[in-house]
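Undergrad:
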Amino acid sequence: LIGRNAYDESEVAVFLGDLLLARYPALLAQRYTLPLKQMDGVALVEVIARQRSLRAKGGEFDLEKAAITLLQDFRSGALGRISLETPITRASMLTPDDFGL
């Protein structure tokens, strides 16, 4: 397992948000009850912070907590059945060596 300190949760959440907005917008809309038009991963994390009233000291929205929330929702299956890998993306990662050629 990779520990939480080994990666930037905010960056991963933004990347995941972009990917989910492109492939599974209906699941995000259902979970977070939000309009998805013209939204990217950064905006998604910001909306989660606002909707969940995640605030840091000083009253600012806590985007780190919102990022962690998105990642936890994904990992726990709260967003629904999601696959990050498609047959096309999988095929693009394979090399001839993977087939024993």
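In our numbering, the protein residues as written are 1441 to 1541.
Don't be surprised by glycine CBs; every beta carbon is placed ideally from N, CA and C.
When you compare the region 1506-1514 with the region 1447-1458, are there three or more beta-carbon pairs, one atom per stretch, that lie closer than 8 Å?
TA: Segments in contact, yes.
Undergrad: Measuring straight from C-alpha to C-alpha, what distance separates L1460 and F1501?
TA: Taking the straight line from one Cα to the other gives about 22 Å.
Undergrad: Would you report the Cα separation of A1518 and E1449, rounded to the nearest angstrom?
TA: Approximately 18 Å, taken between the alpha carbons.
Undergrad: Could you tell me the distance, in whole angstroms, from the CA atom of Q1491 to the CA atom of V1485?
TA: Cα to Cα, Q1491 sits roughly 10 Å from V1485.
Undergrad: List the endpoints of the continuous alpha helix (DSSP H) containing E1451.
TA: Note, E1451: alpha helix (DSSP H), E1449 to R1463.
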